[in-house]
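Notes follow once the structure below has been shown.
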Amino acid sequence: MELGPFLNELWIVRYILLEGLWRTVSISLLAIVAGSLLGVLVGLALTYGALPLRWLMRGYTDFIRGTPVLVLVLASYYMLSTIGLQLNPFEAGVLALAVFCSSHVGEMLRGALQAIPRGQTEAAKVIGLTFHQAFIYVLAPQAIRHVLPTWVNTAAEMVKASTLLSIIGVGELLLTTQEIISRTFMSLPFYFFAGALYFVVNYGIERFGKYVERRTTIPS
2 MELGPFLNEL
12 WIVRYILLEG
22 LWRTVSISLL
32 AIVAGSLLGV
42 LVGLALTYGA
52 LPLRWLMRGY
62 TDFIRGTPVL
72 VLVLASYYML
82 STIGLQLNPF
92 EAGVLALAVF
102 CSSHVGEMLR
112 GALQAIPRGQ
122 TEAAKVIGLT
132 FHQAFIYVLA
142 PQAIRHVLPT
152 WVNTAAEMVK
162 ASTLLSIIGV
172 GELLLTTQEI
182 ISRTFMSLPF
192 YFFAGALYFV
202 VNYGIERFGK
212 YVERRTTIPS
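Counting in the numbering used here, the sequence shown runs from 2 upward without gaps.
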């Protein structure tokens with residue numbers, strides 16, 4: 002395949018590809034943010050919740066983590082409609098990825114919180130901090146340093162998992178690329194180009210993680 006014809010086709014479909022890339026970034030960002038926030042609640046419940054709540058959250062994390070993402074995507078789109086919750090493909094996809102992300106973030110946070118010496122929590126109580134204040138000022142900064150590398154990997158996995166949303170008709174980058182290939186028959190160049198775009202997105206996530214890691218590192 003000559004480079005000239007590919008570049009010509011790439012220029013023609015540039016806006017279509019950018020739209021697909023933007024949808025992939027939007028889905029991934031929403032899923033990562035929503036999943037991380039929900040994961041914090043799950044992690045706190047797993048660590049400090051009452052026994053029935055811990056059992057419930059343990060069942061939630063084990064079930065979601067053991068379920069393929071594709072099954073969660075299909076369930077969010079098709080099964081929720083049977084109980085009257087109508088979601089469009091975009092919303093269903095974000096929900097599925099956010100739920101999957103939350104189970105991993107919750108488990109990561111549980112491990113990080115349990116690694117912090119219990120004496121620090123007790124010391125926070127002694128000086129009059131509420132649990133909310135103790136978590137923000139004492140526990141969370143230390144937990145972030147523990148979970149950050151794994152969180153970056155989870156965030157990158159959400160970008161990769163967004164490709165599964167094409168099965169329910171979400172026009173993200175992969176589906177957009179496949180539609181272009183069906184018209185141009187230039188499969189290898191466009192798949193390679195799409196792969197490069199996914200790499201750029203995940204590399205951006207990695208650099209963001211490195212930035213946060215530098216900001217949260219305790220000077221020696």
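From the three backbone atoms N, C-alpha and C, an ideal C-beta is built for every residue, glycine too.
Spatial neighbours of residue i in its chain, beta-carbon cut-off 6 angstroms, leaving aside the 5 residues before and after
i, result
"Pro150", "none"
"Thr185", "Glu10"
"Ile182", "Ser188, Phe191"
"Leu39", "Ser103"
Spatial neighbours of residue i in its chain, beta-carbon cut-off 7 angstroms, leaving aside the 5 residues before and after
i, result
"Leu73", "Ala97, Val100, Phe101"
"Ala195", "Leu174, Leu175, Thr178"
"Leu214", "Residue identity differs from the one stated: residue 214 is Glu in this sequence, not Leu. Once the five neighbours on either side are set aside, the close Cβ partners of Glu214 are Leu149."
"Leu198", "Leu22, Leu174"
Cβ pair residue i, residue j closer than 8 angstroms
i, j, result
"Thr148", "Gln121", "Looking at the sequence provided, one finds Val at residue 148 rather than Thr. Not a contact, by the Cβ cut-off of 8 angstroms."
"Ala144", "Leu114", "yes"
"Gly36", "Ser103", "yes"
"Val171", "Arg15", "no"
"Ala135", "Ala125", "yes"
"Val160", "Val202", "yes"
Opening and closing residue of the alpha helix (DSSP H) in which residue i lies
i, result
"Val153", "141-162"
"Leu52", "52-66"
"Asn203", "188-217"
"Gln87", "No alpha helix (DSSP H) contains Gln87, which DSSP labels as neither H nor E."
"Phe132", "132-135"
"Glu20", "15-49"
8 angstroms CB neighbourhood of residue i in its chain, flanking five on each side removed
i, result
"Gly50", "Met58"
"Gly210", "Leu149, Pro150, Trp152, Val153, Ala156"
"Val41", "Val106, Gly107, Leu110"
"Val70", "Ala97, Leu98, Phe101, Ala162, Leu165"
"Val95", "Ile28, Leu31, Ala32, Ala35"
"Thr217", "Pro142, Ile145, Arg146, Leu149"
"Ser82", "Leu88"
"Ile137", "none"
Distance cut-off 7 angstroms: residue i Cβ against heavy atoms of the ligand COA
i, result
"Phe7", "You won't find the ligand COA in this model; it holds no ligand whatsoever."
- Segment contact flag, the stretch 81-88 with the stretch 43-50, C-beta cutoff 8 angstroms, min 3 pairs: no
- Query: Should the stretch 198-206 be called in touch with the stretch 18-35, which here means at least 3 C-beta pairs below 8 angstroms?
  - Reply: yes
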